[in-house]
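Enquirer: Here it is, the structure, as structure tokens.
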Amino acid sequence: MPSFIADHPMLCALALIFIDIAVWRLISAELANWKLAARLAIFAVFSAVLFNDGMNPMQLAPYADNTALHLAATALQIGWWLFAARTLTVLLGAVMMQRVGHTGRLLQDLMGAVIFLIAIIAAMAYVLDLPVKGVLATSGAVAIIVGLALQSTLSDVFSGIVLNTTKPYQLDDWISIDGTEGRVTDIDWRATRLQTSQGSMAVIPNSLAAKAKIINFSRPADMFGLAVSLQVSPHARPQIVIEALERAMQGCRPLLAKPAPSVAFKTSASGGVEYEISGFVPAMALKREVRNQLYDLAFRHLQAAGVGVLSATESGAPPAMSAARALLERSSIFSTLRQEEKDTFSQNMTLHTYRVGEVILPSGEVSDHLFIVESGVVSVMLTKGGHKFEAGRMGPGEVIGEAGILSDEAALADFCAKTFCTLYRIEKAYLKPCLDARHDISEAMKALLDFRQHAAQALTEEAPVVPVKKGFLQWLRKRGL
Numbered sequence: 041m042p043s044f045i046a047d048h049p050m051l052c053a054l055a056l057i058f059i060d061i062a063v064w065r066l067i068s069a070e071l072a073n074w075k076l077a078a079r080l081a082i083f084a085v086f087s088a089v090l091f092n093d094g095m096n097p098m099q100l101a102p103y104a105d106n107t108a109l110h111l112a113a114t115a116l117q118i119g120w121w122l123f124a125a126r127t128l129t130v131l132l133g134a135v136m137m138q139r140v141g142h143t144g145r146l147l148q149d150l151m152g153a154v155i156f157l158i159a160i161i162a163a164m165a166y167v168l169d170l171p172v173k174g175v176l177a178t179s180g181a182v183a184i185i186v187g188l189a190l191q192s193t194l195s196d197v198f199s200g201i202v203l204n205t206t207k208p209y210q211l212d213d214w215i216s217i218d219g220t221e222g223r224v225t226d227i228d229w230r231a232t233r234l235q236t237s238q239g240s241m242a243v244i245p246n247s248l249a250a251k252a253k254i255i256n257f258s259r260p261a262d263m264f265g266l267a268v269s270l271q272v273s274p275h276a277r278p279q280i281v282i283e284a285l286e287r288a289m290q291g292c293r294p295l296l297a298k299p300a301p302s303v304a305f306k307t308s309a310s311g312g313v314e315y316e317i318s319g320f321v322p323a324m325a326l327k328r329e330v331r332n333q334l335y336d337l338a339f340r341h342l343q344a345a346g347v348g349v350l351s352a353t354e355s356g357a358p359p360a361m362s363a364a365r366a367l368l369e370r371s372s373i374f375s376t377l378r379q380e381e382k383d384t385f386s387q388n389m390t391l392h393t394y395r396v397g398e399v400i401l402p403s404g405e406v407s408d409h410l411f412i413v414e415s416g417v418v419s420v421m422l423t424k425g426g427h428k429f430e431a432g433r434m435g436p437g438e439v440i441g442e443a444g445i446l447s448d449e450a451a452l453a454d455f456c457a458k459t460f461c462t463l464y465r466i467e468k469a470y471l472k473p474c475l476d477a478r479h480d481i482s483e484a485m486k487a488l489l490d491f492r493q494h495a496a497q498a499l500t501e502e503a504p505v506v507p508v509k510k511g512f513l514q515w516l517r518k519r520g521l
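First residue of the sequence shown: 41, per our numbering; consecutive thereafter.
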């Protein structure tokens, strides 16, 4: 083999170029380190073949007396410069990818262009022996003219380099640029593309993004802030309002415990007092859902505390009625009762209180009464694999114990007081005849029972074990082949 290389150096050099192209195309992108090592090895062998035969890329091509060989040697020496530029570009790209990630792609492309430009000028100077000074002078004049003509475009390009280097945002980050909010889908040499919450595409020029105020909602990672503002009666005691809103926060499970959510007084006017609940969720996609849920919980807990949420035209004077009667008005199941039926119901409801951690209804017990949560947060605990976990939280207006009332079935979960709770209790002996007479309420309660049973089954069933495939093909896939 060494003798063949010595006898046919040009043929071997050409073969190495084709081998490099084939290896680069055939090796999987998952084996990037192997691809880089193969390219470096091939370039080293290619250089050794050229230098060994006297084809020094720093000098004019040999074989001046043989036109065909001289042209072939010239082409191979120029190819060496381009091969070297490509190898150096790939090597720098691999190093930069580890440090700046995919967002540094624009900077890598620009560096690659500069390296290839230097390689072309070097090939012209050393291999072709052309007057490079004149070429550089002409190129400088052309560059000035082009730079003035493309001033705006070049501003975007260099702003893109700054953004890729400083990295105020990355792909898939949720950001706001001058009030335009969306998820970053692409960062190229000219602009940053955002997908807004309405599904549209916003294109922000890099020069504008570099000068604008940028808010990155994805930093720190897995933490997205949200806020809900409510206006209440100016006659409501602030401590009562704050305690009700704190219970609403505890009833909202998606809110992160750290940093802890908080309630703050914002403004006060003759028409009402504004409070703000702020917290964090682990994913941007949850913000809208959690804001809606948090507002609903705040509304219910404020009502349970005797405080109404005001609109711009409402007054703060609620209608006078008993707490039990007001609870029936707020309950989604019993709100369809006629006024006289609600009055009778409220007279047959007894108030019970539970401290934090007390069990309201244990799992496995057949309840002979129905609870309606008046205030506080109730934690629903299920068991899976011998371990208990929190499956949900309940708030004002929700009912407990419908399984025992409707079908004499045991409760599937433990219902415990997460905060201090007050609940109204209705005995089965009184409630059952009412359900038989009012089929709409009975059907609503059955639908609620079916939903809870299916949810409990879905949360507690064991995931099927997926068999692990074994064999020669699986062995190849694991190795990226």
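Just so you know, even glycine gets a beta-carbon here, dropped at the ideal spot from N, CA and C.
Can you tell me the Cα-Cα spacing of S302 and I317, whole angstroms?
Expert: Each residue's Cα considered, the two are about 6 Å apart.
Enquirer: When the distance is taken between beta carbons, is L295 closer than 8 Å to V321?
Expert: Their beta carbons are under 8 Å apart, which means V321 touches L295 by this criterion.
Enquirer: For P274, count neighbouring C-beta atoms within 10 Å of its own C-beta (all shown protein chains included) and say buried if the count is 16 or more, exposed if not.
Expert: Result: exposed.
Enquirer: Please classify S403: does DSSP put it in a helix, a strand, or coil?
Expert: S403 falls in the coil class under three-state DSSP.
Enquirer: Does the stretch 411 to 422 come close enough to the stretch 436 to 443 that 3 or more CB-CB pairs lie under 8 Å?
Expert: Taking 8 Å as the limit for Cβ pairs, the verdict is that the stretch 411 to 422 does touch the stretch 436 to 443.
Enquirer: Determine the extent of the alpha helix (DSSP H) in which L285 is found, giving its start and end residues.
Expert: P278 to Q290 is the extent of the alpha helix (DSSP H) around L285.
Enquirer: Among A81, I201 and M164, which one has its Cα closest to the Cα of L150?
Expert: Checked all of A81, I201 and M164; the closest Cα to L150 is I201.
Enquirer: Using 8 Å as the cut-off, can you tell me whether the stretch 400 to 409 makes contact with the stretch 445 to 459, which would need three or more C-beta pairs spanning the two stretches below that distance?
Expert: Touching, yes.
Enquirer: Can you give me the C-alpha to C-alpha distance between A72 and N92, rounded to a whole angstrom?
Expert: Their Cα atoms are separated by approximately 30 Å.
Enquirer: How is H275 classed by DSSP in three states: helix, strand or coil?
Expert: It is coil, neither helix nor strand.
Enquirer: How far does the beta strand (DSSP E) with Q235 in it extend, from its first residue to its last?
Expert: Here the beta strand (DSSP E) through Q235 covers A231 to Q235.
Enquirer: Can you grab the Cα-Cα spacing for the pair E398 / I445, in whole Å?
Expert: Computed Cα separation, rounded: 22 Å.
Enquirer: Can you tell me whether S355 is buried or exposed? The criterion is at least 16 other CB atoms within 10 Å of its CB, across all chains shown.
Expert: Residue placement at S355 cannot be trusted, given a pLDDT of 48 that sits under 50; what the coordinates show is reported in the next sentence. The residue in question, S355, is exposed, as its Cβ has fewer than 16 Cβ neighbours within 10 Å.
Enquirer: If you count every other CB in all the chains shown that lies within 10 Å of the CB of I466, and 16 or more means buried, which is it?
Expert: Looking at its Cβ environment, which holds 16 or more other Cβ atoms inside 10 Å, I466 is buried.
Enquirer: Measure the alpha-carbon distance for S419 versus C456 and round it to whole angstroms.
Expert: If I take the Cα positions, the gap works out to 5 Å.
Enquirer: Beta-carbon within less than 6 Å of D218's beta-carbon, same chain only, minus the 5 sequence neighbours each way: which residues are those?
Expert: Excluding positions up to five away in sequence, the list reads A252.
Enquirer: Who are the Cβ neighbours of Y394 in its own chain at under 6 Å, not counting the five residues just before and after it?
Expert: These residues qualify, in order along the chain: I400, A457 and C461.
Enquirer: Return the first residue and the last residue of the alpha helix (DSSP H) that V89 is part of.
Expert: Residues A72 to N92.
Enquirer: Looking at C-beta atoms only, is the number of pairs between the stretch 151 to 169 and the stretch 124 to 135 that lie closer than 8 Å three or more?
Expert: Touching, yes, given that three or more Cβ pairs across the two stretches are closer than 8 Å.
Enquirer: Just mark W74 as buried or exposed, buried being the case when its beta carbon has 16 or more other beta carbons within 10 Å.
Expert: Under this definition W74 is an exposed residue.
Enquirer: Quick check: the Cα distance between K382 and N388, rounded to an integer number of angstroms?
Expert: About 10 Å.
Enquirer: Run through DSSP, which three-state label would I373 get?
Expert: In the structure shown, I373 sits in coil (DSSP, three-state: anything other than H, G, I, E or B).
Enquirer: Note the first and the last residue of the continuous beta strand (DSSP E) segment covering E414.
Expert: Segment H409 to S415, the beta strand (DSSP E) holding E414.
Enquirer: Rounded C-beta distance between I244 and Y209? I'm assuming under 8 Å.
Expert: About 11 Å; that fails the 8 Å criterion.
Enquirer: So, at 8 Å on beta carbons, what are the nonlocal neighbours of L488 in its own chain, with the 5 sequence-adjacent residues on each side left out?
Expert: I373, V439 and E442, listed in sequence order.
Enquirer: Under DSSP, the alpha helix (DSSP H) around V330 begins and ends at which residues?
Expert: Counting along the chain, the alpha helix (DSSP H) containing V330 begins and ends at K327 to A344.
Enquirer: Does the stretch 234 to 243 come close enough to the stretch 257 to 273 that 3 or more CB-CB pairs lie under 8 Å?
Expert: Not touching, per the Cβ criterion.
Enquirer: According to DSSP, is S199 helix, strand or coil?
Expert: Note: S199 maps to helix in three-state DSSP.
Enquirer: Excluding the five sequence neighbours on either side, which residues of its own chain have a C-beta within less than 6 Å of the C-beta of S134, listed in chain order?
Expert: The sequence given here has Ala at residue 134, not Ser. Closer than 6 Å at the Cβ level, and outside the excluded window around A134, lie L76.
Enquirer: Assuming A53 contacts F83 under a Cβ cut-off of 8 Å, what Cβ separation, rounded to an integer in Å, is found between them?
Expert: Going by Cβ atoms, the distance from A53 to F83 rounds to 11 Å, so no, they are not a contact pair.
Enquirer: Let me confirm a value: G222 is counted as buried when at least 16 other C-beta atoms fall within 10 Å, else exposed. Which label applies?
Expert: Per the 10 Å Cβ criterion, buried.
Enquirer: Name the residue from I59, L90 and T206 whose alpha carbon lies nearest to the alpha carbon of H48.
Expert: Comparing Cα positions, the closest option is L90.
Enquirer: Return helix, strand or coil for L266, following the three-state DSSP convention.
Expert: In this structure, L266 counts as strand in the three-state DSSP scheme.
Enquirer: Between the Cα of V330 and the Cα atoms of L342, A304 and M289, which residue gives the shortest distance?
Expert: It is M289.
Enquirer: Which residues in the same chain have their Cβ closer than 6 Å to the Cβ of V63, if we skip the five residues on either side of it in sequence?
Expert: These residues qualify, in order along the chain: A78.
Enquirer: If you draw a straight line from the alpha carbon of M241 to that of H110, how long is it in whole angstroms?
Expert: Rounded to whole angstroms, M241 to H110 spans 56 Å at the Cα level.
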